[in-house]
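In my numbering, the protein residues as written are 68 to 471.
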Amino acid sequence: MMLAGSATSGTAPSFCGGSSLRNRSYLLPAHFPFPPIRLVMERVAGTCDLYSPHRTFCRDMERGKTFEPEYHVREAIASFLTGCLARSCATIDLGANNGWFTAYMLSLGASVTAVEPMPDLARAARETVDLNCWSNRAQIITGLVDAQPGGGGTADLHKLGFKGWRAYNGKGEGLEAAGLSSIVPILPLDEVFARAGTREFELFKLDADGPEGAWLHRIEELISAGRLSVKSMIIEGHNTSATDLHRLQQVHGYDAYLLDMHIDRRFLNSEGIDTYSSFREDCWYVNLPTRDDGIVKFYSTCQPLPEFLEEMYSIRLMRHVYHFSRNMTVDDWKVGRALTRFKWSSNQYVFTTEKLLEPRFEHSAAKVIPSREKRAQSRLLQHTRHGVRATERVAPENATRWRS
Numbered sequence: 068m069m070l071a072g073s074a075t076s077g078t079a080p081s082f083c084g085g086s087s088l089r090n091r092s093y094l095l096p097a098h099f100p101f102p103p104i105r106l107v108m109e110r111v112a113g114t115c116d117l118y119s120p121h122r123t124f125c126r127d128m129e130r131g132k133t134f135e136p137e138y139h140v141r142e143a144i145a146s147f148l149t150g151c152l153a154r155s156c157a158t159i160d161l162g163a164n165n166g167w168f169t170a171y172m173l174s175l176g177a178s179v180t181a182v183e184p185m186p187d188l189a190r191a192a193r194e195t196v197d198l199n200c201w202s203n204r205a206q207i208i209t210g211l212v213d214a215q216p217g218g219g220g221t222a223d224l225h226k227l228g229f230k231g232w233r234a235y236n237g238k239g240e241g242l243e244a245a246g247l248s249s250i251v252p253i254l255p256l257d258e259v260f261a262r263a264g265t266r267e268f269e270l271f272k273l274d275a276d277g278p279e280g281a282w283l284h285r286i287e288e289l290i291s292a293g294r295l296s297v298k299s300m301i302i303e304g305h306n307t308s309a310t311d312l313h314r315l316q317q318v319h320g321y322d323a324y325l326l327d328m329h330i331d332r333r334f335l336n337s338e339g340i341d342t343y344s345s346f347r348e349d350c351w352y353v354n355l356p357t358r359d360d361g362i363v364k365f366y367s368t369c370q371p372l373p374e375f376l377e378e379m380y381s382i383r384l385m386r387h388v389y390h391f392s393r394n395m396t397v398d399d400w401k402v403g404r405a406l407t408r409f410k411w412s413s414n415q416y417v418f419t420t421e422k423l424l425e426p427r428f429e430h431s432a433a434k435v436i437p438s439r440e441k442r443a444q445s446r447l448l449q450h451t452r453h454g455v456r457a458t459e460r461v462a463p464e465n466a467t468r469w470r471s
């Protein structure tokens, strides 16, 4: 049975609300498995005033000509929430912005509790929910999230100097012009989970340009106490602790992946071609830090891929990721969390308890009568700079199982 406001990819969804909401929305194009989605992006129709006085950004997004919403995150969401129309999927979106990722989650059938501190962006997200008939599966909370339990109160965003991130450095029109107060509630993270009405979650998305480390520390504490269960997390890793990342992996059994955001070593286009490096493995151009708490970065030197990382392609709906070794140490994580191309940026991670790597078997003829390409690749791998590691990973003349 099709839920209201949901659809298969490429199928126009139904709409709720009046013409005012629709007139202030733009149609995000379909990206498999997501349907086209109406996203409210302005307060006054035709102005794109949540971002800038010009409509360029809103129009370009509708035409599918912008980087936003980040395709790395969109692909990860699709990899974990496909099938939520047929099962219960509770999710959390911390740092919802104008709700585009909240909308993607809802379009696949998930229930979403989302939090955004900027009142105008939170209002737009709430209106997007109403427009797409998702009100029975979503709650949009305006406020700041405090990792410490038992907190509360209010905060003045103006006094904090908090303006909220807006795509392409858009300024918006200001809260006063929108008739909104800059004073917002402070919610303990535990309360956000309580409002979701469950302790078992399918997916968390954490992206707020700062507090993710504190949030993740509290999440790890709750998991350790048996008070929280979450299958998968998409994390922008600002201020994350190597110890917390290590505990998630080694104590709680999460598998860890690094997304391409701010790595920019590969760019796989729609034809599956790496337009940046042509699949070469010769250099890893990022800031490689020292292995201690006093991290010292040096810029863009040609280094081999760190031993604890392995490149992978077509993992579910993620075109390209890096997989962290399952035996990472805390010191390894101190290095891994700093592997970015810019000093000001932070990594994006996927932590999941789901098994993403699935066996793939060769056709019997490929083993009995190997192709010319297979024989040539076998010889080449014997001389690769990865040596035994690469040979063991593929071993064409011996292996009967290939990972997807």
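Every residue gets a Cβ at the ideal spot worked out from N, C-alpha and C, and that includes glycine.
No experiment lies behind these values; they were computed from the predicted model shown.
Q. Cα-Cα, which of 388, 267 and 381 is closest to residue 179?
A. 267
Q: Between the Cα of residue 298 and those of 419, 224, 228 and 337, spot the shortest distance and give me the residue it belongs to.
A: 419
**Q.** Residue span of the alpha helix (DSSP H) that contains residue 89, given as start and end
**A.** Here the alpha helix (DSSP H) through residue 89 covers 86-90.
**Q.** Under 7 Å between C-beta atoms of residue 187 and residue 247
**A.** Yes, these two residues count as a Cβ contact at 7 Å.
Q | For residue 147, three-class secondary structure by DSSP | A | Residue 147: helix per DSSP, three-state reduction.
(Q) Per DSSP, what are the beta-bridge partners of residue 325 in this structure? (A) Answer is 389 and 416.
Q: Could you tell me whether the region 399-413 touches the region 309-328, using the rule of 3 or more Cβ pairs below 8 Å?
A: yes
Q | Identity of the residue in 338, 332, 105 and 352 nearest residue 344 by Cα | A | Distances from the alpha-carbon of residue 344 to those of 338, 332, 105 and 352 put 332 closest.
Q) I think residue 195 touches residue 176, with their Cβ atoms under 8 Å apart; what is that distance to the nearest whole Å? A) Cβ atoms of residue 195 and residue 176 stay farther apart than 8 Å, at about 16 Å.
Q.
At 3 residues or longer, what runs of the beta strand (DSSP E) sit wholly inside the region 98-137?
A. 104-107
**Q.** Closest residue to residue 151 among 109, 174 and 91 (Cα-Cα distance)
**A.** 174
Q) Which residues bound the alpha helix (DSSP H) around residue 189? A) 186-198
Q. Taking just the CA atoms, how far does residue 431 sit from residue 158?
A. Cα to Cα, the separation comes out at about 43 Å.
Q. What separation, rounded to the nearest whole angstrom, lies between the Cα atoms of residue 427 and residue 198?
A. Approximately 43 Å between the Cα atoms of the pair.
Q.
Counting beta carbon pairs with one atom in the region 212-227 and one in the region 253-260, are three or more of them shorter than 8 Å?
A. yes
Q: With DSSP as the reference, label residue 300 as helix, strand or coil.
A: strand
Q. Using the C-alpha atoms, what's the distance from residue 438 back to residue 277?
A. 52 Å
Q: Identify the continuous alpha helix (DSSP H) that holds residue 259 and give its terminal residues.
A: 256-263
Q: Using the Cα positions of residue 168 and residue 135, report the straight-line distance between them to the nearest angstrom.
A: 10 Å
Q. Nearest-angstrom Cα distance between residue 253 and residue 217?
A. So the alpha carbons of these two residues sit roughly 11 Å apart.
Q. The alpha helix (DSSP H) with residue 310 in it runs from where to where?
A. Where residue 310 is concerned, the enclosing alpha helix (DSSP H) stretches over 309-317.
Q. Can residue 392 and residue 409 be called in contact, C-beta distance under 7 Å?
A. no
Q: Go ahead and label residue 415 buried or exposed: buried means 16 or more other beta carbons lie within 10 angstroms of its beta carbon, across all protein chains shown.
A: buried
Q.
Here's the rule I'm using: 16 or more other beta-carbon atoms within 10 Å means buried, otherwise exposed. How should residue 111 be labelled?
A. exposed
(Q) Quick check on the burial criterion: 16 or more other C-beta atoms within 10 angstroms. Buried or exposed for residue 407? (A) buried
Q.
For residue 326 and residue 145, which I take to be in contact (beta-carbon distance under 8 Å), what is that distance rounded to the nearest angstrom?
A. No, residue 326 and residue 145 are not in contact; Cβ-Cβ is about 13 Å, not under 8 Å.
**Q.** For residue 204 and residue 381, the rounded distance between their alpha carbons
**A.** 30 Å
**Q.** Beta-carbon contacts of residue 309 that lie in its chain and below 7 Å, excluding the five residues immediately before and after
**A.** 397, 400, 401 and 404
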